[in-house]
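Structure record follows, encoded as structure tokens.
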Amino acid sequence: MNKKTITDIDVQGKKVLVRVDFNVPLSSKDPNDDITVTDDTRIRAALPTLNYLLDHGAALILCSHLGRPKTAADLQFAMNPVAETLAVLLDRPVIKVDEVVGDKAAAAAADLRPGDVLLLENTRFEAGEKKNDPQLSEQLAAMADVYVDDAFGSAHRAHASTEGAARAMRAKGGPAVAGFLMGKELEALGTAVSNPPHPYVAIMGGAKISDKIKLIDNLLSKADKILIGGGMANTFLAAQGYNMGKSLVEKDAIPEAKSLLDSAASRLILPVDVVVAEEFAAGAASEVVDIDAITADQMALDVGPTTLRLFGQELEGAQLVIWNGPMGVFEFDKFATGTNQLALILADLVDDGAQVMIGGGDSAAAVRKADLTAQMTHVSTGGGASLELLEGKELPGIAVLDDA
Ligand code: ADP
Ligand code: MG
261 MNKKTITDID
271 VQGKKVLVRV
281 DFNVPLSSKD
291 PNDDITVTDD
301 TRIRAALPTL
311 NYLLDHGAAL
321 ILCSHLGRPK
331 TAADLQFAMN
341 PVAETLAVLL
351 DRPVIKVDEV
361 VGDKAAAAAA
371 DLRPGDVLLL
381 ENTRFEAGEK
391 KNDPQLSEQL
401 AAMADVYVDD
411 AFGSAHRAHA
421 STEGAARAMR
431 AKGGPAVAGF
441 LMGKELEALG
451 TAVSNPPHPY
461 VAIMGGAKIS
471 DKIKLIDNLL
481 SKADKILIGG
491 GMANTFLAAQ
501 GYNMGKSLVE
511 KDAIPEAKSL
521 LDSAASRLIL
531 PVDVVVAEEF
541 AAGAASEVVD
551 IDAITADQMA
561 LDVGPTTLRL
571 FGQELEGAQL
581 VIWNGPMGVF
591 EFDKFATGTN
601 QLALILADLV
611 DDGAQVMIGG
621 GDSAAAVRKA
631 DLTAQMTHVS
641 TGGGASLELL
651 EGKELPGIAV
661 LDDA
């Protein structure tokens, strides 16, 4: 993963197309509201790259996806609130155009002088983005002299503004390099891929089960053990025949969970008790039950105390830990205990010299909420991207960048 970064190239007087990750939470889904950015962490994370480029005489053309718009008319996902927040954080004007590519975007890009910042519209307003349409990539690259990818979280998918735009920039002879955020991710996660210290324990949780269960098989070839909690555990427990009541279980993923249990049961560690409630609510009455005692009207919303002790034992002496997916519905304080306690165990491991890497948007948010971000070795901005990298896969958005 030896890739060129922005410090390896000259950007003085150049127009630099930067693919950032400005996929931030918004205050409203109603386009008629005054929509604002409710958490600017991802925008702040891009500032070192953006300020470096501006300080070195570049003009910036920024693009990102935001949410999951269905069409270009899905104006609740327009980039305007992002432009406002970015202008405050950069302390300079941000020009916003209401298209990704086209005459208006091209004209705005052509007018840019060093120090100017242009933000394009949500890349997913273009149907060609997810299809990696080469025409869209070429139109994006045509506006700039240099391509910079700083959106690690999108690097596992070949889209027009990621892999496609980098390829198009190279085709016209311009550099395509990594930004600081991308570089930091590659450096931190790189050790875990190329030369992982052992014991190496992976922890999986959260709710995106069908996506992530596919990764467990590969991860088993690298990690010594995998601890499974959160919504992910429910599907495995259901596969073992436990009654999960109203818990989140992904039925389609049960066969996959079964075959993983058949092949690696001794290395997959599942909860032995859970915190259950009868409704999915912040104030729901709850109790701790063993996993064979969940009734039909209950749902598992967190791992239990015995499970936490078990996980703590399994983690003793670990030299490398990767964690993706919360242990419970941490958004409700009542069901955040498992996630918070696990984060504390991991912070102690770091004190003892272990490397602990966290991946996934919600996992990162949970660690931030527990005020333990600074205690971890690395908190990745990418969920799927960090997992795929840790599995040993080549990410298309990274592979395409210029080699160092
Ligand atoms: P990440 O964003 O870190 O990749 P996911 O998106 O896969 O993680 O999962 C995070 C979500 O999983 C959180 O919103 C959390 O509430 C939910 N979750 C965790 N455990 C459970 C559970 N037992 N039942 C339902 N949802 C859960
Ligand atoms: Mg998530």
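With the numbering used here applied, the sequence shown covers 261 to 664.
Note that the Cβ used here is the ideal one computed from N, Cα and C, for glycine as well.
- Out of 443, 556, 279, the CA that lies nearest to the CA of residue 424 is found in 279.
- The residue from 479, 450, 457 with its alpha-carbon nearest to that of residue 464 is 479.
- Collapsing the DSSP output to three states places residue 551 in coil.
- Taking the Cβ of residue 586 as the reference point, at least one heavy atom of the ligand ADP falls within a distance shorter than 7 Å.
- Per DSSP, the beta bridge partners of residue 277 are 321, 407.
- Secondary structure note for residue 485: its beta strand (DSSP E) is the uninterrupted segment 485-488.
- Of the residues assessed, residue 282 falls on the buried side of the cut-off, its CB having 16 or more other CB atoms within 10 angstroms.
- A heavy atom of the ligand MG is found nearer than 7 Å to the CB of residue 466.
- DSSP links residue 642 through a beta bridge to no other residue.
- If you draw a 10 Å sphere on the C-beta of residue 445, you find 16 or more other C-beta atoms in it, and that means buried.
- Straight across, the Cα-Cα distance linking residue 411 with residue 555 is about 44 Å.
- Between the stretch 554-571 and the stretch 527-545, the count of Cβ pairs shorter than 8 Å is three or higher; the stretches touch.
- Secondary structure note for residue 395: its alpha helix (DSSP H) is the uninterrupted segment 394-402.
- Checking the 7 Å criterion, the Cβ of residue 596 is out of range of every heavy atom belonging to the ligand ADP.
- In this structure the stretch 361-379 does not touch the stretch 295-306; the number of beta carbon pairs closer than 8 Å is below three.
- For residue 325, the number of other beta carbons within 10 angstroms of its own is at least 16, and it is reported as buried.
- Ranked by Cα distance from residue 319, the options 408, 361, 268 are led by 408.
- By the Cβ neighbour-count rule, residue 547 is exposed, with fewer than 16 other Cβ atoms within 10 Å of its own.
- Residue 455 carries a coil assignment under DSSP once its states are collapsed to helix, strand and coil.
- Secondary structure note for residue 376: it is in no alpha helix (DSSP H), with a DSSP letter that is neither H nor E.
- Rounded to whole angstroms, the separation of the alpha carbons of residue 491 and residue 302 is 26 Å.
- Here residue 472 is buried. Its C-beta has 16 or more other C-beta atoms within 10 Å.
- Around residue 526, the same chain offers no residue with a beta carbon nearer than 8 Å, after the five sequence neighbours per side are excluded.
- A distance of 8 Å or more separates the beta carbons of residue 568 and residue 583.
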